[in-house]
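**Student:**
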Amino acid sequence: MPLKILQTVFGYDQFRLQQEAIIQRLLAGQNAAVIMPTGGGKSICYQIPALMRKGTGIVVSPLISLMQDQVDALKQLDICAEYLNSNLDGGQQYRVIEALLSGSLDLLYVAPERLMMPDFLNLLTRVDLSLLAIDEAHCISQWGHDFRPEYRKLAEVRNQFPNVPCIAATATADDPTRREIVQQLHIEDEGLFVAGFDRPNIRYAVVQKNNAKQQLLRFIETQHSKDAGIVYCLSRRKVEDVAQWLVEQGHNALPYHAGLAAEVRLENQDRFLKEEGLIVVATIAFGMGIDKPNVRFVAHMDIPKSPESYYQETGRAGRDGLPANAWMTYGLADVVLMQKILSDSEADEEHKRVEWHKFNALVGYCESAQCRRQVLLSYFGDTMDEPCGNCDTCLTPVETFDGTVAAQKFLSCVHRTGQRFGAGHVVDVLLGKMTNKIESFGHQALSTFGIGEEHSVGQWRSIARQLVTANYLSVDIEGYGGLRLTPDCGAVLKGEKQVLFRKDPKPERRSRKKEKTSPAKNDLLDDQTQPLFDALRDLRLELAREQGIPPYIIFHDSTLIALAQNRPKTVDDLGYIPGVGAVKLERYGEAFLNVICTFENRN
Ligand code: ADP
Ligand code: ZN
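Numbering (this note's numbering), first residue to last: 1 to 603.
1) Would you mind giving the Cβ-Cβ distance between I134 and V34, rounded to the nearest angstrom? I have them listed as a contact below 8 Å.
2) So the candidates are N603, N601 and Q547; which of them puts its Cα closest to the Cα of R587?
3) Between G196 and the ligand ZN, is there a pair consisting of the residue's CB and a ligand heavy atom that are separated by less than 7 Å?
4) Using a Cβ cut-off of 8 Å (strictly closer), state whether K4 contacts chain B.
5) Can H186 be considered in contact with the ligand ADP, in the sense that its beta carbon sits closer than 7 Å to one or more heavy atoms?
6) Could you tell me the distance, in whole angstroms, from the CA atom of T396 to the CA atom of E188?
7) If I measure Cβ to Cβ from T170 and keep anything under 7 Å in the same chain, skipping five residues before and after, which residues do I get?
8) Report the rounded CA-to-CA distance for H251 versus D534, giving the unit in angstroms.
9) Under 8 Å between the Cβ atoms of L278 and A228?
10) Please state whether the Cβ-Cβ distance between D198 and P387 is less than 8 Å.
11) Determine the contact status of A212 and D392, defining contact as a CB-CB distance below 8 Å.
12) Taking T177 as part of the alpha helix (DSSP H), name the residues at either end of that continuous run.
13) Closest to K433 by C-alpha separation, out of D106, G452 and R416, would be which residue?
14) Who does Y232 pair with in a DSSP beta bridge?
15) Alpha carbon to alpha carbon, what distance is there between R218 and K209?
16) State the start and end residues of the unbroken alpha helix (DSSP H) segment that holds C166.
17) In whole angstroms, what is the alpha-carbon distance linking K292 and S65?
18) Just to check, is the beta-carbon of C233 closer than 7 Å to a non-hydrogen atom of the ligand ZN?
19) May I ask which residues mark the beginning and end of the beta strand (DSSP E) holding T400?
20) Thinking L77 and G581 are a contact (beta carbons under 8 Å), I'd like their distance in whole angstroms, please.
21) To the nearest angstrom, report how far apart S456 and L431 are at their CA atoms.
22) In this structure, how does DSSP classify L260 when only helix, strand and coil are distinguished?
23) Classify G57 as helix, strand or coil using the three-state DSSP reduction.
24) Residues in its own chain within less than 7 Å of G287 by CB, not counting five upstream and five downstream?
25) Report whether the distance from the Cβ of T172 to the nearest heavy atom of the ligand ADP is below 7 Å.
26) Helix, strand or coil for E113 per DSSP?
27) Have a look at V375 and Q565 and give me their C-alpha separation to the nearest angstrom.
28) Taking 7 Å as the limit, name every residue whose beta carbon sits nearer than that to some heavy atom of the ligand ZN, in sequence order.
29) Expressed to the nearest angstrom, what Euclidean distance is found between the alpha-carbon atoms of H443 and N294?
30) Distance check for N436 and V427, CA to CA, integer angstroms please.
31) Can T38 be considered in contact with the ligand ADP, in the sense that its beta carbon sits closer than 7 Å to one or more heavy atoms?
32) Go through its chain and collect everything with a Cβ distance to I438's Cβ below 7 Å, but skip five positions before and after it.
33) G403 to S440, Cα distance in whole Å?
34) Taking DSSP as the reference, what is the three-state secondary structure of Y588?
35) Within 10 angstroms of the Cβ of P304, are there 16 or more other Cβ atoms? Answer buried if so, exposed if not.
36) Take the Cβ of F592 as the centre, count every other Cβ of all protein chains shown within 10 Å, and call the residue buried at 16 or more, exposed below.
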């Protein structure tokens with residue numbers, strides 16, 4: 001039965017990975033926590049049970065724009081869905097609440113603040129609830145990278161409806177975060193579903209910063225000249241500067257940051273969703289809730305604050321599964337700046353420690369000589385045996401140097417100091433500094449005291465990060481942030497295993513061979529199919545404009561590509577194309593068939 005709905009309503013052949021098992025649990029009245037990468041298909045996991053169970057499914061999401069997008073998409077399928085948030089005026093809210101009370105809604109999206117209001121909770125006790133879905137559930141956890149106190153209270157709400165199945169969903173949650181979600185929401189152990197984190201279609205690359213704007217321009221012009229993308233910068237000023245510069249260079253770019261008037265922000269976001277090939281230059285204020293599936297690249301002009309942020313931001317590229325790029329330009333000055341931001345933050349010591357650890361892990365990723373994907377996935381507790389073949393270090397291996405001796409010195413110093421200190425202290429010992437801490441622990445008497453004078457503080461810190469990244473050391477973030485040896489480091493200490501560190505490349509020279517171009521989306525189409533794809537895309541844009549919705553809500557690029565390649569001639573054939581369900585077939589089938597038919601006749 002769930003499969004039937006997937007096929008007829010959503011137009012997809014079969015479930016992905018764990019979708020079916022998750023749906024079955026909810027149908028049986030049990031709970032689930034779903035950790036799945038962006039684009040993995042989390043929403044179907046609660047949408048289908050909400051359609052099948054009696055009553056209304058409540059979806060809590062902190063992201064207003066995302067609510068609207070999802071509701072628009074559901075309405076395209078003739079599903080009865082609404083949202084309640086501050087964007088609606090009094091009259092509209094009243095009508096939504098009426099619909100809720102009448103029991104006609106399959107799904108209702110609400111912001112957490114709304115859900116928590118006593119009046120609203122009261123309303124909920126008067127209607128049948130099919131399920132409670134908590135999106136962006138990492139916000140519940142203090143170990144998450146985006147902790148929101150108001151999310152914490154969701155656990156209480158959940159307790160008020162103990163018999164309503166609950167599903168928590170997020171794309172980014174490390175192990176402590178997962179445990180906290182499950183525990184706070186009383187989700188059974190068997191209800192935890194962790195899908196692989198990998199986004200194989202995203203190609204990761206980090207380049208050494210050297211005239212960042214030119215680097216960005218070259219990246220866009222060689223690989224993404226007509227594509228939609230997001231460029232992240234740390235400050236508002238830089239956002240303005242980069243956006244203006246891209247426009248001067250002839251690109252269609254808009255700024256987005258919290259300092260812009262609300263209307264301007266809304267308009268720029270709307271244009272990004274509804275136009276094709278627009279670049280938005282933004283601070284992290286942009287993108288929460290950007291569900292646009294055909295974002296072909298995400299570029300970082302500055303290093304983000306944690307692997308979670310980086311993964312979430314880069315994860316906005318290629319949600320449709322087609323090839324996409326995640327590109328960052330990275331320099332030491334950024335590290336210093338971010339360290340200052342973190343140390344000035346008002347968080348308490350415990351949180352600062354967590355933030356430091358996360359930031360260092362990301363710096364380690366940038367400095368690593370290993371496959372980027374292996375490093376990222378291992379941070380999230382996912383292992384990957386072979387290098388991926390689709391990141392910069394795999395495609396163009398970096399120069400390395402033998403750092404085995406340095407690694408041995410560092411690891412044995414961690415061992416001698418008792419595996420309880422952070423990198424700063426260990427480095428001080430290696431450099432033979434007489435700090436108060438060293439004196440009070442008597443560490444000047446250790447055999448590793450002062451044995452590392454051949455490297456600078458900066459080099460040792462980089463070595464420490466790379467050792468963590470390579471999994472020879474782990475960081476005790478739930479305690480005091482001390483470094484510990486992992487089982488893997490035995491071989492290094494015994495001299496059985498060589499450790500390679502990244503040699504920073506010389507600044508790129510202009511004359512370098514043209515960068516390897518990624519298989520951009522259009523490479524999927526040959527010269528014969530491209531014009532038909534373009535024609536189908538024009539029709540999609542026209543239909544979307546008429547309704548004031550983003551084009552991808554009508555059909556995804558992948559559906560258009562399948563149409564252009566398969567060229568169905570009848571309504572029946574069209575129904576077999578992925579992403580074409582019964583309602584869309586009825587609404588749009590004929591128009592798309594006409595375009596294909598005209599095209600075939602002309603050629
Ligand atoms: P998430 O919320 O995990 O980021 P979505 O639920 O938005 O991901 O799904 C991502 C895309 O994948 C959507 O376009 C969705 O329609 C599509 N999708 C989901 N499940 C399937 C499936 N079983 N087969 C094909 N496409 C699917
Ligand atoms: Zn790789």
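Think of the CB as a built atom: it goes at the ideal place given N, C-alpha and C, for glycine as much as any other residue.
**Tutor:** Here's the rundown:
1) Going by Cβ atoms, the distance from I134 to V34 rounds to 10 Å, so no, they are not a contact pair.
2) Q547
3) no
4) You won't find chain B in this structure, because it holds only one protein chain.
5) no
6) 45 Å
7) I35, E136, A137 and H138
8) 20 Å
9) yes
10) no
11) no
12) D175 to Q184
13) G452
14) A282 and H300
15) 13 Å
16) No alpha helix (DSSP H) contains C166, which is instead part of the beta strand (DSSP E) from C166 to T170.
17) 11 Å
18) no
19) T400 to D402
20) 6 Å
21) 8 Å
22) coil
23) strand
24) I230, E313 and R316
25) no
26) helix
27) 37 Å
28) C371, R372, R373, Q374, P387, C388, G389, N390, C391, T393 and C394
29) 56 Å
30) 14 Å
31) yes
32) D428, V429 and Q444
33) 31 Å
34) helix
35) buried
36) buried
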